[in-house]
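Asker: Those sequence lines, one after another, are chains Z and U. So the mapping is simple: the numbering used here equals the position in the first sequence, first residue as 1, plus 216. So the mapping is simple: the numbering used here equals the position in the second sequence, first residue as 1, plus 60. Just so you know, even glycine gets a beta-carbon here, dropped at the ideal spot from N, CA and C. I have a structure here, written as structure tokens, and I will follow up with some questions on it.
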Amino acid sequence: MLELRLVQGSLLKKVLEAIRELVTDANFDCSGTGFSLQAMDSSHVALVALLLRAEGFEHYRCDRNLSMGMNLNNMAKMLRCAGNEDIITIKADDGSDTVTFMFESPKQDKISDFEMKLMDIDSEHLGIPDSEYQAIVRMPSAEFMRICKDLSSIGDTVVISVTKEGVKFSTSGEIGSANIVCRQNQTVDKPEEATIIEMQEPVSLTFALRYMNSFTKASSLSEQVTISLSSELPVVVEYKIAEMGYIRFYLAPKIEEDEEMKP
Amino acid sequence: MDSWVDWAHMYLCRPVTAHVCGLRAAKTQNRPVERGETKTEATRGFLRHSGSATARRAPQPPLADEMGIKGLTKLLADNAPKAMKEQKFESYFGRKIAVDASMSIYQFLIVVGRTGMETLTNEAGEVTSHLQGMFNRTIRLLEAGIKPVYSKREDATKDLTEAVEEGDKDAIEKFSKRTVKVTRQHNDDCKRLLRLMGVPVVEAPCEAEAECAALCKDDKVYAVASEDMDSLTFGSKRFLRHLMDPSSKKIPVMEFDVAKVLEELELTMDQFIDLCILCGCDYCDSIKGIGGQTALKLIRQHGSIESILENLNKDRYQIPEDWPYQEARRLFKEPDVTLDIPELKWTAPDEEGLISFLVKDNGFNEDRVTKAIEKIKSAKNKSSQGRLESFFKPVATTSAPLKRKETSDKTTKAAANKKTKAGGKKK
């Protein structure tokens, strides 16, 4: 038996819109601590990890650990039928092969039930160790989205370099090249507009912009984005979900294969 | 021209194995291959319309005419559905895959004899369809970020010489048939082409299939791509079908996991090899009247061919006289392979070399070749993308699915039912 009641239903809608471009099918895992998801894109280059803690739900009941395989496009279709102010409740019975999304209007004068068929998804779960990152950049999510969008009109990959001066995003393509430097900036009126760089040592990594652009779909969830970088590790792009948890995107870097480039 | 080669690829089975299987050869050769393939196409329609690739769906219907081990796909679909998984072509991104080159060369070549297309020869009138096919197909793999390594038999005529010396009549027969079409020239052409493209080629001492499997067992490659089911019998950890199918067909790749095959069938590898021999393999006959299902039952009951022979009702089943099942078993278990190969390397293409070889020597269109080289170079860039698995390792999940998974012993009927309601639906 599973029953999760989320007052801020729009949040779930935003989460779905943020990940459905990257992943088509995924298992949602429910446990006593929260509602989570881990899934990779089809080429196993990017991974999304979502956590919505139990405390963030108005009512959270999950009798045993279970997973529900869902097609995210179908789920998004159903969630789009919920109003932005609606309360969303996720319900499932043991042994059932469906999940129910219940939408309640704020005035309680309209209640909709959408029942979705579940899938049997055979997916690998990756163990992600806690790592110390060489550089952690915190910046406005809208700014990061803009940078990724702008750079992808010039090239396919972005080199993210963090130095004492700031964080540099650069690309090059057939028509030319582009460099965008964001300096540390904490002297703003609103904390969400700050750019904060914590650097242990300088780091520079190359990533495919296509994935970065897809990650920025989560910008509506959080004013700030945290980008954690280490050489030899996938980048983590994290959007905090207020009082609930986070959505984290991991992206494997591009690796220079010098020895193989020899003729 | 591309699509024509693709067409040929779809509609022609490899006759190589047919030659190898001695008595079975005659039957196989006379069979109308096209019909079997068309049937497969029709049944595949279901799969194409349904949901995603990562979700496990009803196993693909078996091929009417199967290469390698007779009826093994169907047997596995019915008895080990969890060992078969449909994957998107793109999901092999960054993976090293061993491909049986001999098979592909044969496929491209046989086309010419059948249709007499004049476009696929060079000025000197020499056949170039094998080059065309190999060139296009390899570029497709590279563009998907796959790192192919081709395994090719060492010159087949060499085997013939050895066979003559040893006075092995069967082998002479086998190899002389085999050399009818794929000449040393064709092999060398393809090898030269692949090397110019920067793709590694491994010389297999005997069967290319066996060599691919050995590379896979030794973790030199991630999987083996072939249409020949005996790749599993040779012990490839992962075996991919339809990887080399033309993209226009949009057939998902079918991945077989040999460890899961054994787990689901509840057999050891040795027993699985015996099962394959009983089903009917390329190396010896099978017992008349014993098909896949019966063979599986017998192996589960008795454990080995020897024990089955002791217990089998000799009046009911006729065991072929002089049945070299032990020899077949040895070929599967200890095939003649080499792992003494240099490190596999994918290098940048040799542009001048390719243009000289393809355009000057073989009359390819220069614009096309130049464009193709650009594709290889940009694909090279793409293959530098890392996979997450090289950083994070898989772990077991603790949560159980909401609905309990069905037990493994599904019947054909159950599988057929599932197909009709595929498409984002849990089984």
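Is residue 418 of chain Z close to chain B? Criterion is C-beta to C-beta, closer than 8 Å.
Answerer: As a matter of chain content, chain B is missing from the structure shown, whose protein chains are Z and U.
Asker: Considering only the alpha carbon of each residue, which of Z:411, Z:317, Z:373 lies closest to residue 356 of chain Z?
Answerer: Closest by alpha carbon: Z:411.
Asker: From the beta carbon of residue 223 of chain Z, is the nearest beta carbon of chain U less than 8 Å away?
Answerer: Closer than 8 Å: no.
Asker: Note down the Cα distance separating residue 454 of chain U from residue 349 of chain Z, rounded to an integer number of angstroms.
Answerer: Between residue 454 of chain U and residue 349 of chain Z, the C-alpha separation is close to 21 Å.
Asker: Can you say whether residue 409 of chain U is buried or exposed, counting buried as having 16 or more other CB atoms within 10 angstroms of its CB?
Answerer: The residue in question, residue 409 of chain U, is buried, as its Cβ has 16 or more Cβ neighbours within 10 Å.
Asker: Would residue 436 of chain U be called buried (16 or more neighbouring beta carbons within 10 Å of its own) or exposed?
Answerer: Buried, since its Cβ has 16 or more Cβ neighbours within 10 Å.
Asker: Between the stretch 289-298 of chain Z and the stretch 313-330 of chain Z, do at least 3 Cβ pairs fall closer than 8 Å?
Answerer: Short answer: they touch.
Asker: Suppose you measure from the CA of residue 462 of chain U to the CA of residue 298 of chain U; what does that come to, to the nearest Å?
Answerer: Taking the straight line from one Cα to the other gives about 29 Å.
Asker: Looking at the structure shown, is residue 451 of chain U part of a helix, part of a strand, or coil, going by DSSP?
Answerer: Reduced to three states, the DSSP call for residue 451 of chain U is coil.
Asker: Indicate the three-state DSSP secondary structure (helix, strand or coil) for residue 329 of chain Z in the structure shown.
Answerer: Residue state, collapsed to three classes: strand.
Asker: Does the beta-carbon of residue 425 of chain U have 16 or more other beta-carbons within 10 angstroms, so that it is buried, or is it exposed?
Answerer: By the 10 Å Cβ count, residue 425 of chain U comes out exposed.
Asker: Measuring straight from C-alpha to C-alpha, what distance separates residue 464 of chain Z and residue 273 of chain U?
Answerer: Residue 464 of chain Z and residue 273 of chain U: Cα-Cα distance of roughly 38 Å.
Asker: Pick helix, strand or coil for residue 392 of chain U, following the three-state DSSP scheme.
Answerer: Residue 392 of chain U: helix per DSSP, three-state reduction.
Asker: Is residue 393 of chain U buried or exposed, if buried means 16 or more other CB atoms sit within 10 Å of its CB?
Answerer: Its Cβ having fewer than 16 others within 10 Å, residue 393 of chain U is exposed.
Asker: By the 10 Å Cβ neighbour count, where 16 or more other Cβ atoms means buried, how is residue 458 of chain Z classified, buried or exposed?
Answerer: Exposed, since its Cβ has fewer than 16 Cβ neighbours within 10 Å.
Asker: Would you kindly check if the distance between the Cβ of residue 364 of chain Z and the Cβ of residue 429 of chain Z is under 8 Å?
Answerer: Their beta carbons are under 8 Å apart, which means residue 429 of chain Z touches residue 364 of chain Z by this criterion.
Asker: Name, in chain order, the residues that DSSP records as bridge partners for residue 445 of chain U.
Answerer: DSSP output for residue 445 of chain U lists Z:470 as bridge partner(s).
Asker: What in chain U is Cβ-close to residue 470 of chain Z, meaning under 8 Å?
Answerer: Simply 444, 445, 446.
Asker: Under 8 Å, Cβ to Cβ, is there at least one residue of chain U near residue 344 of chain Z?
Answerer: For residue 344 of chain Z, the answer is yes, since a Cβ of chain U falls inside 8 Å of its Cβ.
Asker: Determine, using beta carbons only, whether residue 148 of chain U comes closer than 8 Å to chain Z.
Answerer: It does; some Cβ of chain Z falls within 8 Å.
Asker: Give me, in chain order, the residues of the same chain whose beta-carbon lies closer than 6 Å to that of residue 437 of chain Z; leave out the 5 immediate sequence neighbours on both sides.
Answerer: Correct list, in chain order: 230, 455, 457.
Asker: Please check the pair residue 157 of chain Z and residue 425 of chain Z, which I expect to be a contact at CB under 8 Å, by giving their CB distance rounded to whole angstroms.
Answerer: Here chain Z covers residues 217 to 479 and nothing more, so residue 157 of chain Z does not appear.
Asker: According to DSSP, is residue 164 of chain U part of a helix, a strand, or is it coil?
Answerer: Helix, per DSSP.
Asker: With DSSP run on the structure shown, which of helix, strand or coil describes residue 153 of chain U?
Answerer: It is coil, neither helix nor strand.
Asker: Looking at residue 217 of chain Z: is its Cβ nearer than 8 Å to the Cβ of residue 309 of chain Z?
Answerer: It is a contact, given that the beta carbons lie within the stated cut-off.
Asker: Which residues bound the beta strand (DSSP E) around residue 507 of chain Z?
Answerer: Because residue 507 of chain Z is not part of the residues shown, which for chain Z are 217 to 479, the question remains open.
Asker: On the DSSP letters alone, give me the boundaries of the beta strand (DSSP E) that residue 267 of chain Z sits inside.
Answerer: From DSSP, the beta strand (DSSP E) with residue 267 of chain Z extends over 262-269.
Asker: Distance check for residue 258 of chain U and residue 407 of chain U, CA to CA, integer angstroms please.
Answerer: Straight-line Cα distance between these residues: approximately 4 Å.
Asker: Any idea what DSSP makes of residue 234 of chain Z, helix, strand or coil?
Answerer: Residue 234 of chain Z falls in the helix class under three-state DSSP.
Asker: Would the beta-carbon of residue 388 of chain Z fall within 8 Å of that of residue 420 of chain Z?
Answerer: No, they are not a contact pair.
Asker: Under the three-state reduction of DSSP, which class applies to residue 419 of chain U: helix, strand or coil?
Answerer: Helix.
Asker: Mark residue 143 of chain U as exposed unless 16 or more other C-beta atoms lie within 10 angstroms of its C-beta, in which case mark it buried.
Answerer: Residue 143 of chain U should be labelled buried.
Asker: State the Cα-Cα distance for the pair residue 220 of chain U and residue 290 of chain U, rounded to the nearest angstrom.
Answerer: At residue 220 of chain U the pLDDT is 43, less than 50, meaning the model places this residue with poor confidence and gives no usable figure here.
Asker: How about residue 402 of chain Z: is its Cβ closer than 7 Å to a heavy atom in the ligand HEM?
Answerer: Because no ligand of any kind appears in the structure shown, any question about the ligand HEM cannot be addressed here.
Asker: Using the C-alpha atoms, what's the distance from residue 395 of chain U back to residue 222 of chain U?
Answerer: Low confidence applies to residue 222 of chain U: its pLDDT is 46, below 50, so where it sits in the model is not reliable enough to give any reading.
Asker: Near residue 377 of chain U, which residues of its chain fall below 8 Å by C-beta distance, leaving aside the five closest residues on each side in sequence?
Answerer: The residues are 347, 348, 349, 350.
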